[in-house]
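Using our numbering, the first residue of the sequence shown is number 250, and each one after it goes up by one.
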Amino acid sequence: MRETFTVANENQPEALPFHHIPVLLKEAIAHLDLKPGGCYLDATVGGGGHSSAILSTHSDITVTALDQDPQAIAAAQHHLAKYGNRVQFWHGNFADYDPGPQQFDGILADLGVSSVQFDQADRGFSFRHDAPLDMRMNQHQVQSAADLINHTDETELANLIYQYGEERLSRRIARAIVRSRPLSTTAELSQVIWKAVPNSYQRGRIHPATRTFQALRIAVNRELEVLQSFLERSPDWLSSNGRLVIISFHSLEDRIVKFAFREHPSLQVITKKPLVASPDEISENSRARSAKLRAAQRQPSD
């Protein structure tokens, strides 16, 4: 079921709905191996769907909920209010979080962009809405997608689109962008990309702008860099036999998670292959199609 929360948006006078469907929910809960009295970290709380399921499992479980998006924090606070002081909130990027001496029995990170971020036009994440080129998950940060597009040289821009978007026409697209600058809206950028690619590409399975928009979002939010930092630090936050569960949504993320789990000396991989959404879940939530879940467990220290 789609969960709807009403949160305030500082840029608009009216409240906006926050839509969130927790992906791979059953699988995440199972692999966290929740225990009575356990303490858990939801590193990307979103609207609170995963945290709600964790908290409802046992009456004495506690959750620390993080998110860098103020709208997500507001939605989660609303949705999880019934759990009172069993849930604590922290606004910021999970790579910057410091739990101090606190250790967790399980940590969950859902790396996906929430529905509201895609569907809310003024956030600028989607080429399907004409909006300012923003794409910042944390709108307090300085650099937006427009800044990146308009001030990056052609070679660096092409490399960025290729590396983060796995876009084979990255050089052609970067050349067209540079020639068309300045660009300020998602519609302008989408049109430039559309015109830059051949007709056969326009008729492809996905919109020609999809990979470039993904690349820009990843770059603006430093998604791979902060993920790597989080994966290096978060195993140390786990108690003995604690579980680390990561849900990723594209091959770049999944590859980083896979190798981080294998290489960390304190972790034992639980999922030899990533778990994916069932056909039933995908039929209810098409964005679950690309989700992959990996889990690892911290080994007891000698």
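The beta carbon of each residue, even a glycine, is placed where N, CA and C say it ideally should be.
Would you kindly report the start and end of the unbroken alpha helix (DSSP H) that includes residue 458?
Unbroken run through residue 458: none, as it is neither H nor E.
Using a Cβ-Cβ cutoff of less than 6 Å, which residues in the same chain neighbour residue 439 once the five nearest sequence positions on both sides are dropped?
Hits under 6 Å: 376 and 458.
According to DSSP, is residue 337 helix, strand or coil?
Residue 337 falls in the strand class under three-state DSSP.
Range covered by the alpha helix (DSSP H) that runs through residue 494:
Where residue 494 is concerned, there is no enclosing alpha helix (DSSP H), although the beta strand (DSSP E) around it starts and stops at 487-497.
Is there a C-beta anywhere in chain B that falls below 8 Å from the one on residue 502?
Absent here is chain B; the protein component of the structure consists of one chain.
Assign residue 320 to one of two classes, buried (16 or more other C-beta atoms within 10 Å of its C-beta) or exposed (fewer than that).
Classification of residue 320: buried, given that the 10 Å Cβ count is 16 or more.
By a C-beta neighbour count over all protein chains shown, 10 Å radius and 16 as the cutoff for buried, is residue 263 buried or exposed?
With a pLDDT of 37 at residue 263, under the threshold of 50, the modelled position of this residue cannot be trusted, and the question is left open.
Short check: CB of residue 489 to CB of residue 356, under 8 Å?
No, the pair does not count as a contact, with Cβ atoms beyond the cut-off.
Keeping to the same chain, check which residues put their C-beta closer than 7 Å to that of residue 510; ignore five residues upstream and five downstream.
Hits under 7 Å: 516, 518, 543 and 545.
Who does residue 507 pair with in a DSSP beta bridge?
DSSP lists no partner for residue 507.
Residue 506 and residue 480 closer than 8 Å at C-beta
Yes, Cβ-Cβ distance for residue 506 and residue 480 is below 8 Å.
Among 548, 550, 547 and 527, the one whose alpha carbon lies nearest that of residue 272
Answer by Cα proximity: 527.
Range of the contiguous alpha helix (DSSP H) that encloses residue 427
Residues 419-429.
Distance between residue 333 and residue 416 (C-alpha atoms, nearest Å):
Between the alpha carbons of residue 416 and residue 333 lies a distance of about 46 Å.
Start and end residues, beta strand (DSSP E) containing residue 292
Note, residue 292: premise wrong, no beta strand (DSSP E); not H, not E.
Suppose you measure from the CA of residue 389 to the CA of residue 340; what does that come to, to the nearest Å?
Whole-angstrom Cα-Cα distance: 11 Å.
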